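Undergrad: Next up is a structure, given as structure tokens.
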Ligand code: NAD
């Protein structure tokens, strides 16, 4: 059986004794296995990182940027191969895998400009003969722990920024789709990055804990579900590390009465059901404002949902593929039952969906639930499947309150033709990323990504200048070059600049 090993110091890492199965979402069953590492494996990666990082950090920034340019070209060259590898383990359709890789690639592009963003600040003449300046320095060794749903994009959010600024980076990807991260490590090496700078260790909680406790690792970036994000944040901070930990989501799409409903339905079907709903920026909750809007929207949504094609991940005509594992399929279908038991109206039922020729695959049909209310557990929690819940709001204020009061605060969207309503909404909603007539408002690579409330622990976002901030520390230098004459200052009091 195919086995995925660690990628340590430029090559396949030490063999292990524990393994996890990698499932085949299209057909069911096991397609490969991944080794699960422990503290010893991590120690080997840390030793390689310690050996390589000082020279990498000392390299002039243009040379590190050149590695990023070459890495970007290699990803583009291998786009098809990477997308097929990704789809085979994750289950998302090829076009969506390419989107996953592309959004990561855009962060690599941002990192090609790192000499510019690494520049410090300078004040000449802060006092007599005194200049003050700052420089950004890498932290040393950082680690990233990533979820299954974006196995290319999220490792690149972290790994490209962390390494381009001069750190060594150790990635612990999801054990459910680990092949693409290993391939990225090979491509980094081919692009000229020294061995030991971008490494991959595989594992489960044991490896995560080893990372959080390792004294040589200065910072950890985590993306995954909220309970684990919170755990990672607490344990990492207790160990004295810099931590950012992004969690789950339950994003709302507010539909104002004046919205272009055909456009909304088009956007919603993509944002709610695309990638089988396994996106932290999916729109699993739609909030029509007013019953009339709700009825008009529902009438258009039902045929649009019926027209969706569910297929295997290599089916070029499929809108979305299977979910990642049999357990996840059971969990999502369990949530649909809970929603019904709680009193939601089941408008379209996607349970029990079987794809001909792939009956053992982990497919779920698109599901629509109406009359969902805020006291329902199925509303409060993340379902992470192709399930759209409709929560009706009487007016703008009620609609604004829904995402604002929800425990998650990752993304939100408003659909309207009214600029004032959109502006008010963007200013007042208690959520980290807002779309105005944009269903999945993932900011571009030179801005930054991060949710609020239980969607994000820690105070810096991913990528953009926030990413640079997270992966560097700022040194402040105050320099005095006196002209040689006595300056009369009292050496025993705190110096002032005069
Ligand atoms: P997950 O929390 O199960 O796993 C994330 C990582 O944590 C994996 O590397 C996994 O090996 C590790 N892990 C799992 N159990 C652990 C434990 N008990 N202790 C320590 N580490 C553990 O998440 P997932 O199912 O892989 O990904 C889906 C989740 O990620 C969803 O909740 C989704 O919303 C979230 N997500 C959030 C963002 C964001 O930016 N906010 C982006 C993508 C995904």
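Numbering (this note's numbering), first residue to last: 887 to 1384. All C-beta atoms in this analysis are idealised placements derived from N, C-alpha and C, irrespective of residue type, glycine included. All values reported here derive from a predicted model rather than from experimental measurement.
Please state if the CB of residue 1028 and the CB of residue 1048 are separated by a distance shorter than 7 angstroms.
TA: Yes. Within cutoff.
Undergrad: Taking C-beta to C-beta, are residue 1041 and residue 1057 nearer than 7 angstroms?
TA: Going by C-beta atoms, residue 1041 is nearer than 7 angstroms to residue 1057.
Undergrad: What do you reckon, is the C-beta of residue 1091 under 6 angstroms from a heavy atom of the ligand NAD?
TA: Answer for residue 1091: yes, Cβ within range of the ligand NAD.
Undergrad: For residue 1109, is the beta carbon positioned less than 6 angstroms from some heavy atom of the ligand NAD?
TA: True, at least one ligand heavy atom lies under 6 angstroms from that Cβ.
Undergrad: Taking the beta carbon of residue 1248 as the centre, do at least 16 other beta carbons fall within 10 Å, making it buried, or is it exposed?
TA: Label assigned to residue 1248: buried.
Undergrad: Look up residue 1023 in the DSSP assignment and say whether it is helix, strand or coil.
TA: DSSP places residue 1023 in strand when its eight states are reduced to three.
Undergrad: Our contact map puts residue 1160 next to residue 1205 with C-beta atoms below 8 angstroms; I'd like the distance itself, whole angstroms only.
TA: That belief holds up - the Cβ atoms of residue 1160 and residue 1205 are roughly 7 angstroms apart, short of 8 angstroms.
Undergrad: Apply the 10 Å Cβ neighbour rule to residue 1382 and answer buried if 16 or more other Cβ atoms are within range, or exposed otherwise.
TA: Looking at its Cβ environment, which holds fewer than 16 other Cβ atoms inside 10 Å, residue 1382 is exposed.
Undergrad: In whole angstroms, give me the CA-to-CA distance for residue 1195 and residue 1000.
TA: Spanning the two alpha carbons is a distance of roughly 42 angstroms.
Undergrad: Locate the beta strand (DSSP E) running through residue 1232, then write down its first and last residues.
TA: It spans 1231-1234 - the beta strand (DSSP E) in which residue 1232 sits, taken as one unbroken run.
Undergrad: So which of 910, 969 and 1014 has the shortest CA-CA distance to residue 1371?
TA: The residue with the shortest Cα to Cα distance from residue 1371 is 1014.
Undergrad: Mind checking whether the beta-carbon of residue 1106 lies closer than 6 angstroms to any heavy atom of the ligand NAD?
TA: No.
Undergrad: Indicate whether the contact test is met: 3 or more Cβ pairs, each with one atom in the stretch 972-981 and one in the stretch 1319-1337, closer than 8 angstroms.
TA: Short answer: they don't touch.
Undergrad: Would you kindly check if the distance between the Cβ of residue 1297 and the Cβ of residue 1167 is under 7 angstroms?
TA: Against a cut-off of 7 angstroms, the Cβ pair of residue 1297 and residue 1167 comes out as a contact.
Undergrad: Should residue 1189 be labelled buried (16 or more other beta-carbon atoms within 10 Å of its own) or exposed?
TA: So residue 1189 ends up on the exposed side.
Undergrad: Looking only at DSSP bridge pairs, what is residue 1112 linked to?
TA: Beta-bridge pairing links residue 1112 to no other residue.
Undergrad: Could you name the residues of the same chain whose beta carbon sits closer than 6 angstroms to that of residue 1039, not counting the 5 residues immediately before and after it, in chain order?
TA: Cβ neighbours of residue 1039 beyond the five flanking positions: 986, 989 and 990.
Undergrad: Can you tell me the Cα-Cα spacing of residue 1222 and residue 1260, whole angstroms?
TA: Near 16 angstroms, if we compare the C-alpha coordinates of residue 1260 and residue 1222.
Undergrad: One question on the structure: do residue 1108 and residue 1124 come within less than 7 angstroms of each other, judged by their Cβ atoms?
TA: Not a contact, by the Cβ cut-off of 7 angstroms.
Undergrad: According to the Cβ coordinates, are residue 1230 and residue 1294 closer than 7 angstroms?
TA: No, they are not a contact pair.
Undergrad: Is there contact here, the stretch 1137-1146 with the stretch 1230-1240, by at least three beta-carbon pairs under 8 angstroms?
TA: At 8 angstroms Cβ cutoff, the stretches do not touch.
Undergrad: Check residue 1212 in the structure and name its three-state DSSP category.
TA: Three-state result, residue 1212: helix.
Undergrad: Cα-Cα, which of 937, 997 and 1117 is closest to residue 1080?
TA: For the residues 937, 997 and 1117, the minimum Cα distance to residue 1080 belongs to 937.
Undergrad: Suppose you measure from the CA of residue 1242 to the CA of residue 1073; what does that come to, to the nearest Å?
TA: Approximately 37 angstroms between the Cα atoms of the pair.
Undergrad: Evaluate residue 887 with the Cβ neighbour count: other Cβ atoms within 10 Å of its Cβ, from every protein chain shown; 16 or more gives buried, anything less gives exposed.
TA: Residue 887 comes out exposed.
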